[in-house]
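**Q** Take this structure, written in structure tokens, and hold onto it; I'll ask about it next.
Chains as they are written, first to last, in my numbering: chain Z, 1407 to 2055; chain A, -11 to 462.
Spelled out as structure tokens, the structure:
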């Protein structure tokens, strides 16, 4: 299935393209594109998605090699020759200070390969012989050398977002040095050894950020001789805890030849093939098969969704099948991390965006999992579940997996990322999720109430077979039980109602018998109300009330209604209500019962009167004259003596 | 109770079925007989028995129209009969248990002492109606089978009835009959909620994957976990399984992979539940028995498909359940020793089949001492639980009489609903406590010597706290 339209080119920014007098630069850190006319003399225009453009003029001092702002836009750095860096201050109003000052490398003979701003006033340069850190003092217009690390550099790949630098000492290498710049110091991380058979070039390395982790990403070339220039996958090396280890292998279904661009978007890894005009989407949190090679543990991944292509909804000629235009990936595109495409020849900059509602997958479980990890995925997860419920093709097994994944996300959110203790009572536990993936916290957290209102209730309204809803609720309850979560009352209530609607009373009885429906006063009352259609419901409800321990009053009412006045009195005594209950109510309930029962109830209250007020007589406010009279006619002889036997003669 | 070598227990003497309207003419009385056991009895002897029943019924109906006669007591035999369908009578004659004793004081010969109190009409009556219900389960009904399946052909009908009852009689144990037989209760396996949900989920998946499967029963070690069928029919299906299908299972080699005990070879038997007919298949794997009721004959590849798809999952689930609930309970591992209904449950004190605390008390099983035993029955879901060991049939018999007394005391309009409590002490120093509340009956036997009423009340209360704390006996 092709999730066409999932990825689209949006927020287009047009700028003056490359021309005879115009040079174009892009700065990934600030996402700014610079159109430099005549070396700056006739103006430099800076554009950025969603930001106001700025323009200024620089004196033309020869062709510019590189130009970028520091993170807070107050210093502009311009590289005009390999060994120096010119700096200009910007004031608060955005006006350029024409007087420049210069960073001269510590070792003047070694050219600067690349540099990056690692702070508002700190920058790192990579030269032939090492990495240098400088501090800029804009007020004094001077640059201080801080420290350096020596290494031989043939090429370097800098990643300003997380201050990682990857250097190589040769044009083609099998050993990459990784550096991390933190608080002005250079930390040398271990090297990545790609193996003797695998030489890496500059364009085959990139540094990406997904799920708050930084990975060094290296293209894996095809093994066969004739396809040496095609790429069959990517290897991701994690940098966690300053250790370098192979963590993930992303495998392409078909080798990609020609220019390839890697991007990240909402923790997805996108691999664009410019030649084939198609994009592969990977998600290291969703797919993954444990694998082990040379002692290191890593995960193999296939694309999480089917191959797709970027769409351009903003372009003219709208009206194609999906309301957008398929885009032929242009060879003039330059693909930047995380999600920017710049076409310098045509003067366009795009941001790659995502429309989650267009995500489709043959596997509903994968799709659910995919959506759970997207930042704005909640609504889409719920919509997805709703449509799964309506689609009989989605099996209960898949529901089980989806619910378990949702519960896992919920629990890890509740326990702030810690591993959730789950039910492990079973040896060959069936249906348990077996991903073996390192737990990555989901972006989406779904509560039972949301599942109820957005998935279960609409399904019933839309005429989904009740049996199917019932089976899905069972899967939901099972998932909750596995994660030791208590089902919320409205779900249980719905579960009971479903059994009632399908007239499966005995089945409902079994659910309650086995504790699927947890006790609560509210549910006990609902069950009690089913007595007319299913007589044992009374028993179930009473059991529940007595187990609850705080439903004595309800229990007493039920007993009274049934004429079990003595039992009701016993209950009242056991629960400490004996001194407060209304005598009238109990006597009323027993007036038409056996005379002996009436006698017992009457005596009970007489004894209470003695205990509370020292006399067997009822108080005025008890309003019991009527019942005293009944007692008299039943049991008192003319001489006032009680004749107990008379009632049962 | 003196059990001597020359004690002869209750035995079936005759079992027969007749239709009063058949063969009304003189000399054609033989036609009345639908089925008679033993078959080799002379026609005259058979007709004598039939005539006796007819005579007693006709005579007795002059005294009461509402409750017709149902039994005839003689010194040596007990005859019990019931009109199960209009004009169809099912009757059983059993011998009264007796002991031969040497005549004392030098006189020669023997005296035979009979114990009529050891035979219960209620038990025999329930055996008759159970036999009939079982017939209906497989043949819809006597009249219906004659008109439907046999197309009015009496000869075919007689063969059908004979085929059924001659096999059914083999499973009938009159000597083991007590109040538990009348109840015909179902032993539910006390399992945790999560495992119950797993069972439930597997069943739902089976039903959604195999559209022909309409209803399922899930049994583990012969104890019920789930049923899609009404309790009264569940009871029959469970009895059929335990007496007919699973009884032979011990002799079969145990296979880790599942197999169909009923259905795979040849035609699937038909069962009738509430006027709907289903095709019956029984699948067994490890310790789990799954009864499948199909709305239509299964497609060709059904059995192989079933064994592959849910079969594997069922095997795993069954192994899990066995590990968690069966192996722990008894030192004898998961042999199918608990398959027969008569054997007492393996996890003794665990509960009565209600509420979430079902298994919670299973750990404290030793809390209730051996000299306090109970028998529990819940008529609303037919759950039965017994910790009564063998050799207390007299006390149980007495409890049954009390139960009957409570019903009688309630009167025809059931003013008291037959509820209440009876405490009694036997001459053997045993105590029997009977409690009836709503649909529930609890019988407690206390065998401790020299205890008084207060001790009994205390023991019963303690038992209720440990084993019945999750139900409400009101």
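Virtual Cβ for every residue (Gly too), placed ideally from N, Cα, C.
What residues from chain Z crowd round residue 188 of chain A, counting only those whose CB sits closer than 7 Å?
**A** The residue given as residue 188 of chain A occupies position 200 in the second chain. Within 7 Å Cβ-Cβ: 1880.
**Q** State the beta-bridge partners of residue 2026 of chain Z as determined by DSSP.
**A** The count along the first chain starts at 1 and reaches residue 2026 of chain Z at position 620. According to DSSP, which records beta bridges pairwise, residue 2026 of chain Z is partnered with nothing at all.
**Q** Quick check: is the beta carbon of residue 462 of chain A nearer than 8 Å to any beta carbon in chain Z?
**A** As a first step, residue 462 of chain A is located in the second chain; it is residue number 474 there, counting from the start. Yes, residue 462 of chain A counts as interfacial toward chain Z.
**Q** Chain A partners of residue 1970 of chain Z, CB-CB under 7 Å?
**A** As a first step, residue 1970 of chain Z must be located in the first chain, where it is residue number 564. Chain A residues near residue 1970 of chain Z: 462.
**Q** Are the C-beta of residue 2054 of chain Z and some C-beta of chain A separated by less than 8 Å?
**A** Here residue 2054 of chain Z corresponds to residue number 648 of the first chain, with the count starting at 1. The predicted model places residue 2054 of chain Z with a pLDDT of 40, which falls under 50 and marks its position as unreliable, so this point remains unresolved.
**Q** With distance defined between alpha-carbon atoms, name the residue in Z:1698, Z:1804, Z:1802 and Z:1848 nearest to residue 1821 of chain Z.
**A** Indexing the first chain from 1 puts residue 1821 of chain Z at position 415. Nearest of Z:1698, Z:1804, Z:1802 and Z:1848 to residue 1821 of chain Z, Cα basis: Z:1848.
**Q** Using three-state DSSP, classify residue 1876 of chain Z as helix, strand or coil.
**A** Position 470 of the first chain, counting from 1, holds the residue named residue 1876 of chain Z. Note: residue 1876 of chain Z maps to helix in three-state DSSP.
**Q** Can you give me the start and stop residues for the beta strand (DSSP E) that residue 1594 of chain Z sits inside?
**A** Here residue 1594 of chain Z refers to the residue found at position 188 when the first chain is read from its first residue. Per DSSP, residue 1594 of chain Z belongs to the beta strand (DSSP E) from 1591 to 1599.
**Q** Exposed or buried, which one is residue 1564 of chain Z when buried takes at least 16 other CB atoms within 10 Å?
**A** To locate residue 1564 of chain Z, count along the first chain from 1; it is residue 158. Its Cβ being crowded by 16 or more others within 10 Å, residue 1564 of chain Z is buried.
**Q** Taking Cβ positions, are residue 1694 of chain Z and residue 1679 of chain Z nearer each other than 8 Å?
**A** Your numbering for residue 1694 of chain Z matches position 288 in the first chain. Your numbering for residue 1679 of chain Z matches position 273 in the first chain. Their beta carbons are not under 8 Å apart, which means residue 1694 of chain Z does not touch residue 1679 of chain Z by this criterion.
**Q** Would you call the stretch 1774 to 1785 of chain Z and the stretch 1444 to 1457 of chain Z touching, i.e. three or more CB-CB distances under 8 Å?
**A** Touching, no, given that fewer than three Cβ pairs across the two stretches are closer than 8 Å.
**Q** Should residue 1921 of chain Z be flagged as near chain A, meaning a C-beta pair shorter than 8 Å?
**A** As a working mapping, residue 1921 of chain Z is identified with position 515 in the first chain. Yes - at least one Cβ of chain A is within 8 Å of the one on residue 1921 of chain Z.
**Q** Between the alpha carbons of residue 1420 of chain Z and residue 1677 of chain Z, how many angstroms are there, rounded?
**A** Residue mapping note: residue 1420 of chain Z aligns to position 14 of the first chain, counting from 1. Residue mapping note: residue 1677 of chain Z aligns to position 271 of the first chain, counting from 1. Straight-line Cα distance between these residues: approximately 24 Å.
**Q** Using a beta-carbon distance below 8 Å, is residue 1931 of chain Z in contact with chain A?
**A** Your numbering for residue 1931 of chain Z matches position 525 in the first chain. No, residue 1931 of chain Z lies away from the interface with chain A (no Cβ there is under 8 Å from its Cβ).
**Q** For residue 1818 of chain Z, count the other beta carbons within 10 Å of its own beta carbon; 16 or more makes it buried, fewer makes it exposed. Which is it?
**A** By one-based count along the first chain, residue 1818 of chain Z stands at place 412. Classification for residue 1818 of chain Z: buried.
**Q** Relative to the C-alpha of residue 58 of chain A, which candidate in A:32, A:368 and A:68 has its C-alpha closest?
**A** For the purposes of this step, residue 58 of chain A is taken as the residue at position 70 of the second chain. Taking only the C-alpha atoms, the option nearest residue 58 of chain A is A:68.
**Q** At 3 residues or longer, and completely inside the stretch 137 to 168 of chain A: list those beta strand (DSSP E) runs for me, N to C.
**A** If we require 3 residues or more, the stretch 137 to 168 of chain A turns out to have no beta strand (DSSP E) run fully inside it.
**Q** Where do the N-terminal and C-terminal ends of the alpha helix (DSSP H) with residue 1759 of chain Z fall, by residue?
**A** Working through the first chain from its first residue, we reach residue 1759 of chain Z at position 353. Segment 1754 to 1760 is the beta strand (DSSP E) holding residue 1759 of chain Z; no alpha helix (DSSP H) there.
**Q** Please list the residues of the stretch 1567 to 1593 of chain Z that have a C-beta atom closer than 7 Å to any C-beta atom in chain A, keeping them in chain order.
**A** Those residues of the stretch 1567 to 1593 of chain Z that come within reach of chain A (Cβ to Cβ, closer than 7 Å) do not exist; the list is empty.
**Q** Is the beta carbon of residue 183 of chain A closer than 8 Å to that of residue -3 of chain A?
**A** Taking the first residue of the second chain as 1, we reach residue -3 of chain A at position 9. Taking the first residue of the second chain as 1, we reach residue 183 of chain A at position 195. No. Outside cutoff.
**Q** Taking the beta carbon of residue 1577 of chain Z as the centre, do at least 16 other beta carbons fall within 10 Å, making it buried, or is it exposed?
**A** Position 171 of the first chain, counted from the first residue, corresponds to residue 1577 of chain Z. Result: exposed.
**Q** At the level of alpha carbons, what is the spacing between residue 152 of chain A and residue 27 of chain A?
**A** As a first step, residue 152 of chain A is located in the second chain; it is residue number 164 there, counting from the start. As a first step, residue 27 of chain A is located in the second chain; it is residue number 39 there, counting from the start. So the alpha carbons of these two residues sit roughly 14 Å apart.
**Q** Of all Cβ atoms in chain A, is any one closer than 8 Å to the Cβ of residue 1979 of chain Z?
**A** In the first chain, counting from the first residue as 1, residue 1979 of chain Z sits at position 573. No, residue 1979 of chain Z does not count as interfacial toward chain A.
**Q** Find out if the Cβ-Cβ distance for the pair residue 422 of chain A, residue 409 of chain A is shorter than 8 Å.
**A** Position 434 of the second chain, counted from the start, is the residue given in the question as residue 422 of chain A. Position 421 of the second chain, counted from the start, is the residue given in the question as residue 409 of chain A. Result yes, Cβ atoms of residue 422 of chain A and residue 409 of chain A sit closer than 8 Å.
**Q** Do residue 111 of chain A and residue 170 of chain A have their C-beta atoms within less than 8 Å of each other?
**A** Along the second chain, one-based indexing puts residue 111 of chain A at 123. Along the second chain, one-based indexing puts residue 170 of chain A at 182. Yes, the Cβ-Cβ distance between residue 111 of chain A and residue 170 of chain A is below 8 Å.
**Q** Taking CB distances under 8 Å as the criterion, tell me whether residue 185 of chain A reaches chain Z.
**A** Within the second chain, numbered from 1, the residue matching residue 185 of chain A stands at position 197. True, the Cβ-Cβ gap to chain Z drops below 8 Å.
**Q** Residues of the stretch 378 to 398 of chain A in Cβ contact with chain C at a cutoff of 8 Å, in chain order, please.
**A** Looking for chain C here will not work: the only protein chains present are Z and A.
**Q** Consult DSSP for residue 277 of chain A and reduce its assignment to one of helix, strand or coil.
**A** Counting from one through the second chain, the residue named residue 277 of chain A turns up at place 289. Looking at residue 277 of chain A - three-state DSSP - the assignment turns out to be strand.
**Q** Is the CB of residue 1949 of chain Z under 8 Å away from at least one CB in chain A?
**A** As a first step, residue 1949 of chain Z must be located in the first chain, where it is residue number 543. Yes, its Cβ sits closer than 8 Å to a Cβ of chain A.
**Q** Run down chain Z in chain order and give the residues with a C-beta less than 7 Å from the C-beta of residue 219 of chain A.
**A** Within the second chain, the letter at position 231 stands for residue 219 of chain A. Those are 1912, listed as they occur along chain Z.
**Q** Residues in its own chain within less than 8 Å of residue 1465 of chain Z by CB, not counting five upstream and five downstream?
**A** Taking the first chain and counting its residues from 1, the one referred to as residue 1465 of chain Z is at position 59. The answer, listed in chain order, is 1446, 1447 and 1504.
**Q** With a CB to CB cut of under 7 Å and the five nearest residues on each side skipped, what residues in its chain are close to residue 1552 of chain Z?
**A** One-based indexing of the first chain puts residue 1552 of chain Z at position 146. The answer, listed in chain order, is 1539, 1540, 1541 and 1590.
**Q** Between residue 1670 of chain Z and chain A, is there a C-beta pair that is closer than 8 Å?
**A** Residue 1670 of chain Z sits at position 264 when you count from the first residue of the first chain. No - not a single Cβ of chain A is within 8 Å of the one on residue 1670 of chain Z.
**Q** So what's residue 1743 of chain Z in DSSP terms, helix, strand or just coil?
**A** Taking the first residue of the first chain as position 1, residue 1743 of chain Z is located at position 337. Three-state result, residue 1743 of chain Z: coil.
**Q** I need the boundaries of the beta strand (DSSP E) containing residue 1655 of chain Z, first residue and last residue.
**A** For the purposes of this step, residue 1655 of chain Z is taken as residue 249 along the first chain, with counting starting at 1. 1651 to 1662 is the extent of the beta strand (DSSP E) around residue 1655 of chain Z.
**Q** What is the rounded straight-line gap between the Cα of residue 1580 of chain Z and the Cα of residue 1603 of chain Z?
**A** Against the first chain, residue 1580 of chain Z aligns to sequence position 174. Against the first chain, residue 1603 of chain Z aligns to sequence position 197. C-alpha separation (whole angstroms): 8 Å.
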